[in-house]
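Each residue of the sequence shown is one higher than the last, beginning at 3 in the working numbering. Built from N, CA and C at the ideal position, the CB exists for glycine as well.
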Amino acid sequence: MNIVLFGPPGVGKGTQGVRLSASLGIVHLAMGDLLRAAVAEKTTLGLEAKAFMDAGKLVTDSLVIGLIEERIIADDAKAGFLLDGFPRNVAQAIALNEMLDKHGLKIDHVIFMDASKDALLERLTGRLTCSACGFGFHRHYSPPKIEGQCDKCDGSLYQRTDDTEEVISQRLEVYAEQTSPLLDFYGDDKEFSKVDAEAGMDEVYASLERVVKE
Ligand code: AMP
């Protein structure tokens, strides 16, 4: 099964995407994670992407399109993939359709996760991530048992450099201008579903499961 998960920053695409893809036995392809890995490895792509990411802007389409095409045709994506954070604008959605056609693939579900701006801001400003395994925590809603330490692997927790108030507001603006038009792009497709992501984590997950089991 192939899934596109999209929605504003902080809506929980990463948290839910990891859980859903593990339960379906498909690979979780989070564009933000792929880019952060490239930045950490200081690859040419990573060096180019870093300035955009630090500023809360979208990385150039050609870079992310190339990166995703490599990943959806890789061996570990043969059983299926969940795209989290791609596409993020209409040009990327068109490019995705073209590459799916080219490789004889299709998307089974396009799921839009929605939450209010207040909820997004609260989630983003309290977000903590494990530097070793990538697991996500929240200072107030799901704090780690030991401050600064991952419950799963004991790795140290960090706040993403783009989770500062200034960059968050830029990312929300970019979302409104460039990503939200995807609602029109996908909205009438039979594969499209909308999930209320403002509820608790387990409730949101149950809604996502209902969609993919339809
Ligand atoms: P995320 O982890 O999904 O919040 O993404 C973090 C940052 O990576 C974004 O603010 C963008 O700078 C960049 N990014 C992630 N996905 C894309 C994409 N599909 N197109 C362009 N830039 C992206």
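1) In terms of residue numbering, what span does the beta strand (DSSP E) encompassing Val29 cover?
2) With DSSP as the reference, identify every bridge partner of Phe137, one or two as the case may be.
3) Pick helix, strand or coil for Met55, following the three-state DSSP scheme.
4) I'd like the ranges of any beta strand (DSSP E) spanning at least 3 consecutive residues and lying wholly in the stretch 120-178.
5) Would you be able to state if there are at least three C-beta pairs under 8 angstroms between the stretch 117-128 and the stretch 51-60?
6) Name the residue from Cys152, Thr163, Arg38 whose alpha carbon lies nearest to the alpha carbon of Cys132.
7) List the residues that DSSP assigns as beta-bridge partners of Ala85.
8) Does the beta-carbon distance from Gly34 to Ala199 come in below 7 angstroms?
9) Between Ile70 and Phe54, is the Cβ-Cβ spacing less than 7 angstroms?
10) Between which two residues does the beta strand (DSSP E) carrying Val214 extend?
11) Can you tell me whether DSSP reads Val13 as helix, strand or coil?
12) Within the same chain, show all residues whose beta-carbon is closer than 7 angstroms to that of Glu50, passing over the 5 residues directly before and after it, in chain order.
13) Looking at the secondary structure, which residues open and close the alpha helix (DSSP H) in which Ile109 lies?
14) Would you list the one or two residues that DSSP bridges to Val197?
15) Measuring only the C-alpha atoms, how far is Cys155 from Ile75?
16) Under DSSP, the alpha helix (DSSP H) around Lys44 begins and ends at which residues?
17) Would Met3 pass as a contact of Gly68 if the rule is Cβ separation under 7 angstroms?
18) Helix, strand or coil: how does DSSP classify Arg90 here?
19) Could you name the residues of the same chain whose beta carbon sits closer than 7 angstroms to that of Leu210, not counting the 5 residues immediately before and after it, in chain order?
20) For His30, tell me which candidate among Gly136, Ala201, Asp116 has the shortest Cα-Cα distance.
21) Do Leu130 and Phe139 count as a contact pair if the criterion is CB distance below 7 angstroms?
Judging by the given coordinates:
1) On the sequence shown, position 27 is the one that residue 29 refers to. Here the beta strand (DSSP E) through Val29 covers 29-32.
2) Position 135 of the sequence shown, counted from the start, is the residue given in the question as residue 137. DSSP lists no partner for Phe137.
3) Along the sequence shown, one-based indexing puts residue 55 at 53. Three-state result, Met55: helix.
4) 129-132, 138-140
5) Contact between the stretch 51-60 and the stretch 117-128 is absent: fewer than 3 CB-CB pairs across the two stretches fall below 8 angstroms.
6) To locate residue 132, count along the sequence shown from 1; it is residue 130. The candidate whose alpha carbon is nearest that of Cys132 is Cys152.
7) The residue labelled residue 85 in the question sits at position 83 within the sequence shown. Going by the sequence as given, residue 85 is Leu instead of Ala. Partner(s): Val6, Leu31.
8) Counting from 1 along the sequence shown, the entry for residue 34 is found at position 32. Counting from 1 along the sequence shown, the entry for residue 199 is found at position 197. For Gly34 and Ala199, no; Cβs fall outside 7 angstroms.
9) Locating residue 70 in the sequence shown gives position 68, where the first residue counts as 1. Locating residue 54 in the sequence shown gives position 52, where the first residue counts as 1. Cβ distance not < 7 angstroms, so Ile70 and Phe54 don't count as in contact.
10) By 1-based counting over the sequence shown, the position of residue 214 is 212. That residue, Val214, is in no beta strand (DSSP E); its alpha helix (DSSP H) goes 203-215.
11) Residue 13 sits at position 11 when you count from the first residue of the sequence shown. In this structure, Val13 counts as coil in the three-state DSSP scheme.
12) The count along the sequence shown starts at 1 and reaches residue 50 at position 48. The residues are Leu65.
13) Position 107 of the sequence shown, counted from the start, is the residue given in the question as residue 109. That residue, Ile109, is in no alpha helix (DSSP H); it is neither H nor E in DSSP.
14) Translated into positions along the sequence shown, residue 197 becomes position 195. Answer is Met115, bridged to Val197.
15) Numbered from 1 along the sequence shown, position 153 holds the residue referred to as residue 155. Numbered from 1 along the sequence shown, position 73 holds the residue referred to as residue 75. It is roughly 30 angstroms from the alpha-carbon of Cys155 to the alpha-carbon of Ile75.
16) The count along the sequence shown starts at 1 and reaches residue 44 at position 42. Neither: Lys44 is in no alpha helix (DSSP H) and is coded neither H nor E.
17) Here residue 3 refers to the residue found at position 1 of the sequence shown. Here residue 68 refers to the residue found at position 66 of the sequence shown. Between Met3 and Gly68, the C-beta gap is not smaller than 7 angstroms, which leaves the two residues out of contact.
18) Numbered from its first residue, the sequence shown carries residue 90 at position 88. If DSSP states are grouped into helix, strand and coil, Arg90 belongs with coil.
19) Residue mapping note: residue 210 aligns to position 208 of the sequence shown, counting from 1. Answer for Leu210: Gln18, Leu22, Ile113, Val197, listed in chain order.
20) Locating residue 30 in the sequence shown gives position 28, where the first residue counts as 1. When each option's Cα is compared against that of His30, the closest is Gly136.
21) Residue numbering aside, residue 139 sits at position 137 when the sequence shown is read from its first letter. Residue numbering aside, residue 130 sits at position 128 when the sequence shown is read from its first letter. Yes; because the gap between Cβ atoms is below 7 angstroms, this pair is in contact.
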